[in-house]
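**Student:** First to last, the sequence lines map onto chains Z and R.
For the first sequence, the tail end lands on 112 under the numbering used here, and the numbers increase by one without skipping.
For the second sequence, the tail end lands on 1335 under the numbering used here, and the numbers increase by one without skipping.
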Amino acid sequence: MPPGNDNHELFENLRLELRRGSLILAVLVMLRVEHYGYTLRKALADHGMPIDEGTLYPLLRRLETQGLLVSEWREEDKRNKRFYRLSAEGKAILKPLLAEWQGINTSLNGIL
Amino acid sequence: MELLDSYLRAVKRYLPRAQSSDIIKELSDDLRSQLEEKETAAGCPLTDEEIAAFLKQHGDPMTVARRYRQDSPSLTIGWELIGPELFPMYLILLSINLVITIAALTIVSLSMRAQITWQTFTLPVIIQIFCVTLAFMAMNVVKRKFPQPWYYPPAEMAAMMQIKRGYSISGLILWSPVLLWWLALPRFPSLILGSAAAHLVLAPSWHNFYVPILLLVLASISQRVLNLFYPDWTWLLPVMRLLINAASVPVLYFLLFKSQPLVLVAAAFQGVPQYEKLAEAVNGSLVWGVFGPWLWGYAGISALVYAWYCLPHLRRLLRGKAGASSATVSQSPEK
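1) Have a look at R1241/R and L1015/R and give me their C-alpha separation to the nearest angstrom.
2) Hey, out of P1250/R, C1310/R, L1086/R and W1182/R, whose CA is closest to P1359/R's CA?
3) Output, in sequence order along the chain, the residues in the segment 1025-1040 of chain R whose CB is closer than 7 Å to any CB in chain Z.
4) Could you name the residues of the same chain whose beta carbon sits closer than 8 Å to that of Y1152/R, not counting the 5 residues immediately before and after it, in chain order?
5) Whole-angstrom Cβ separation of V1265/R and A1279/R, contact assumed at under 8 Å?
6) In the segment 1067-1131 of chain R, which residue ranges form an unbroken alpha helix (DSSP H) of at least 4 residues, counting only runs that do not cross its ends?
7) Less than 7 Å between the C-beta atoms of R19/Z and L86/Z, yes or no?
8) Exposed or buried, what is E76/Z when buried is set at 16 or more other beta-carbons lying within 10 Å of its beta-carbon?
9) In the segment 12-72 of chain Z, which residue ranges form an unbroken alpha helix (DSSP H) of at least 4 residues, counting only runs that do not cross its ends?
10) Could you run through the segment 1058-1082 of chain R and flag, in chain order, every residue whose CB is less than 7 Å away from some CB of chain Z?
11) Under 7 Å, CB to CB, which of the residues in the segment 64-90 of chain Z have a partner in chain R?
12) Check distances from the C-beta atoms of the segment 41-53 of chain Z to those of chain R and list, in chain order, the residues that come in under 7 Å.
13) Which residues in chain R sit within 7 Å of G21/Z, going by Cβ to Cβ distance?
14) With a floor of 3 residues, list each beta strand (DSSP E) that falls wholly inside the segment 1234-1276 of chain R, ordered by position along the chain.
15) Could you please give the first and the last residue of the uninterrupted beta strand (DSSP E) stretch that includes R1032/R?
16) Would you identify the three-state DSSP class for Y1306/R, choosing helix, strand or coil?
17) Among G1289/R, V1272/R, P1261/R and N1245/R, whose alpha-carbon lies nearest the alpha-carbon of V1305/R?
18) In three-state terms, what does DSSP make of K78/Z?
19) So the candidates are L1191/R, A1247/R and E1037/R; which of them puts its Cα closest to the Cα of F1209/R?
20) Which residue comes first and which comes last in the beta strand (DSSP E) that contains L1046/R?
21) So for F1209/R, helix, strand or coil by DSSP?
22) Could you pull out every residue in the same chain whose Cβ sits closer than 7 Å to the Cβ of R1165/R, ignoring the five residues on either side in sequence?
23) Under three-state DSSP, which class holds Y84/Z?
24) What three-state label does DSSP hand L112/Z in the structure shown?
25) Is the separation between the beta-carbon of R41/Z and that of L25/Z shorter than 7 Å?
26) How long is the line joining the alpha carbons of Q1034/R and M49/Z, rounded to whole angstroms?
27) Please list, in chain order, all residues of the same chain as Q1162/R whose beta carbon is under 8 Å from its beta carbon, the five residues on each side excluded.
28) Can the beta-carbon of L1123/R be found less than 7 Å from the beta-carbon of S1205/R?
29) Please name the residue, chosen from A1042/R, A1041/R, E1050/R and K1025/R, that lies closest to Y38/Z on a Cα-to-Cα basis.
30) Does any residue of chain R have a CB that is nearer than 7 Å to the CB of G37/Z?
31) Tell me whether W1150/R sits in a helix, a strand or coil according to DSSP, three-state version.
32) Please work out which residues of its chain come closer than 6 Å, Cβ to Cβ, to L94/Z, disregarding the five sequence neighbours upstream and downstream, and give them in chain order.
33) In whole angstroms, what is the alpha-carbon distance linking G54/Z and G1078/R?
34) Going by CA-CA distance only, name the one from A1267/R, A1203/R and F1269/R that's closest to N1283/R.
35) Suppose you measure from the CA of E9/Z to the CA of K1143/R; what does that come to, to the nearest Å?
Structural data, given as structure tokens:
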């Protein structure tokens, strides 16, 4: 049932909270292959995880600061683009993160 | 892509300086790619209106920049008082204010040969911190409640946006009483002279400025009336305000620095020292208070700001003329 108007804001907040953790995981998974922001966003949208650039780019920066991603500026189609990919540290962390997510998913399915 | 560049410049203003160029380069590439995709889908170049609608949907520049400042310092006590995008500006202005206050107090104390203690500075510094913080807290609330680019909108975008009817109405509500007051002044000088009107009269030099100021007020009201009915005439606001403010500068200059007294002692009281002093005091308060240098400075600065907002309209006009003339040239061989 769609949330009523009164609960819409609450639902939005809960939805965003739910999505936040999943998005990080999705971005890390997608960046096992090198992408620049625009193609990454399109790839995520194609997999049913749309994300606006105002959320994606700050997230990419944060993940890079945390050492999970590496980036470099390169020219493609006569335009400079910043390409991101998973760092060695990112690869190492992704494995247990995915296992954790699968565990949560299994538990939730059990509860439901 | 003039609009996009203008939008990106506006976003850049609120970004952390160390990363701003990098962020803008990346954001620019993304937005350009999206616009190109839209153009490909439409099969023709996007119009300025379509680009403006796209950028509006993307978010106002301050909100976009705010997402990159999540970890930046802010003033938060339970809830956010000054957001991360305003906080650096707050610190800079507060520091400038405090340095000026402390320097001025030190100079005054030294010149008066007064003893300098901590107490000399405590109260003025607390007042400065309180006032600057309060002003920024108010700005923070306004920016959160009205997320559209109302404060320094990029000139190119301002040129595209319809003038809100509420904006014209609020201007009319403000200026109509001013007009009525000004119209009533010749008949009821007490509206400006107060109880002193019993002993003073408006001087001939006052009447020299009466009509020019009346015309400026009327022009200001006319612009609001016209924009109320024609909100699409976005050029009218900056052009009229540029003209009004630019015309106010010489009027106020002559009023402030070159004019004879604006009020005189009424014939029945001439020569009475008490009323001569009263006339002097009223002249002083009119010249340095009501029509003081603050108003002159405000008009000058406003003229420059509105000149800046006229530029995109001028560019569009010239582009339109150039487009029309090149179309004529390209059509002429076929005739």
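We put the beta carbon where it would ideally sit given N, CA and C, even for glycine.
**Tutor:** Taking the structure as given:
1) One-based indexing of the second sequence puts residue 1241/R at position 241. One-based indexing of the second sequence puts residue 1015/R at position 15. Each residue's Cα considered, the two are about 31 Å apart.
2) Residue 1359/R is absent from the model: chain R starts at 1001 and stops at 1335.
3) Taking 7 Å as the Cβ-Cβ cut-off against chain Z, the residues of the segment 1025-1040 of chain R that qualify are K1025, E1026, L1027, D1029, D1030 and S1033.
4) For the purposes of this step, residue 1152/R is identified with residue 152 of the second sequence, where counting begins at 1. Because the pLDDT at Y1152/R is just 46, under 50, the model does not fix this residue reliably, and the value given afterwards should be weighed accordingly. Answer for Y1152/R: A1010 and R1013, listed in chain order.
5) Numbered from 1 along the second sequence, position 265 holds the residue referred to as residue 1265/R. Numbered from 1 along the second sequence, position 279 holds the residue referred to as residue 1279/R. About 5 Å separates the two Cβ atoms, so the contact holds.
6) The segment 1067-1131 of chain R contains, as complete alpha helix (DSSP H) runs of 4+ residues, the segments 1087-1111 (chain order).
7) Here residue 19/Z refers to the residue found at position 19 when the first sequence is read from its first residue. Here residue 86/Z refers to the residue found at position 86 when the first sequence is read from its first residue. No.
8) Here residue 76/Z is taken as the residue at index 76 of the first sequence, counted from 1. Counting every other CB atom within 10 Å of its CB across the protein chains shown gives E76/Z a total below 16, marking it as exposed.
9) 37-46 and 53-65
10) G1059, V1064, R1067, Y1068 and Q1070
11) R79, N80, K81 and R82
12) Among the residues of the segment 41-53 of chain Z, those with a Cβ less than 7 Å away from any Cβ of chain R are E53, in the order of the chain.
13) Within the first sequence, the letter at position 21 stands for residue 21/Z. Result: empty, since nearest Cβ-Cβ is about 16 Å, beyond 7 Å.
14) Positions of the beta strand (DSSP E) runs, each at least 3 residues long and wholly inside the segment 1234-1276 of chain R, are given as 1263-1265 in order along the chain.
15) To locate residue 1032/R, count along the second sequence from 1; it is residue 32. No beta strand (DSSP E) holds R1032/R; the alpha helix (DSSP H) holding it covers R1017 to A1042.
16) Numbered from 1 along the second sequence, position 306 holds the residue referred to as residue 1306/R. Of the three classes helix, strand and coil, the one that applies to Y1306/R here is helix, per DSSP.
17) Residue mapping note: residue 1305/R aligns to position 305 of the second sequence, counting from 1. Among G1289/R, V1272/R, P1261/R and N1245/R, the Cα nearest to that of V1305/R belongs to N1245/R.
18) Translated into the one-based positions of the first sequence, residue 78/Z becomes position 78. The three-state reading of DSSP puts K78/Z in coil, since its state is none of H, G, I, E or B.
19) Here the question's residue 1209/R lines up with position 209 in the second sequence. Of the candidates L1191/R, A1247/R and E1037/R, the one whose C-alpha sits nearest the C-alpha of F1209/R is A1247/R.
20) Indexing the second sequence from 1 puts residue 1046/R at position 46. Run containing L1046/R: none; DSSP gives neither H nor E here.
21) By 1-based counting over the second sequence, the position of residue 1209/R is 209. Residue state for F1209/R is assigned as helix, using DSSP reduced to three classes.
22) For this step, residue 1165/R is matched to residue 165 along the second sequence. Cβ within range, chain order: L1228 and P1231.
23) Along the first sequence, read from residue 1 onward, the residue named residue 84/Z stands at position 84. Looking at Y84/Z - three-state DSSP - the assignment turns out to be strand.
24) Locating residue 112/Z in the first sequence gives position 112, counting from the first residue. Of the three classes helix, strand and coil, the one that applies to L112/Z here is coil, per DSSP.
25) Reading the first sequence from its first residue, position 41 is the one you call residue 41/Z. Reading the first sequence from its first residue, position 25 is the one you call residue 25/Z. Cβ atoms of R41/Z and L25/Z: not closer than 7 Å.
26) For the purposes of this step, residue 1034/R is taken as residue 34 along the second sequence, with counting starting at 1. For the purposes of this step, residue 49/Z is taken as residue 49 along the first sequence, with counting starting at 1. One Cα belongs to Q1034/R, the other to M49/Z, and the distance between them is close to 18 Å.
27) Translated into the one-based positions of the second sequence, residue 1162/R becomes position 162. Cβ neighbours of Q1162/R beyond the five flanking positions: P1231, D1232 and T1234.
28) As a first step, residue 1123/R is located in the second sequence; it is residue number 123 there, counting from the start. As a first step, residue 1205/R is located in the second sequence; it is residue number 205 there, counting from the start. The answer is no: Cβ separation not under 7 Å.
29) The residue given as residue 38/Z occupies position 38 in the first sequence. Among A1042/R, A1041/R, E1050/R and K1025/R, the Cα nearest to that of Y38/Z belongs to K1025/R.
30) Taking the first sequence and counting its residues from 1, the one referred to as residue 37/Z is at position 37. It does; some Cβ of chain R falls within 7 Å.
31) Working through the second sequence from its first residue, we reach residue 1150/R at position 150. Its pLDDT being 38, under 50, W1150/R is placed unreliably in this model, and the coordinates cannot settle the point.
32) Position 94 of the first sequence holds residue 94/Z. Excluding positions up to five away in sequence, the list reads L28.
33) On the first sequence, position 54 is the one that residue 54/Z refers to. On the second sequence, position 78 is the one that residue 1078/R refers to. If you take the alpha carbons of G54/Z and G1078/R, they lie about 26 Å apart.
34) Mapped onto the second sequence, residue 1283/R falls at position 283. Of the listed residues, the one whose Cα sits closest to N1283/R is A1203/R.
35) In the first sequence, residue 9/Z corresponds to position 9, counting from 1. In the second sequence, residue 1143/R corresponds to position 143, counting from 1. Between E9/Z and K1143/R, the C-alpha separation is close to 20 Å.
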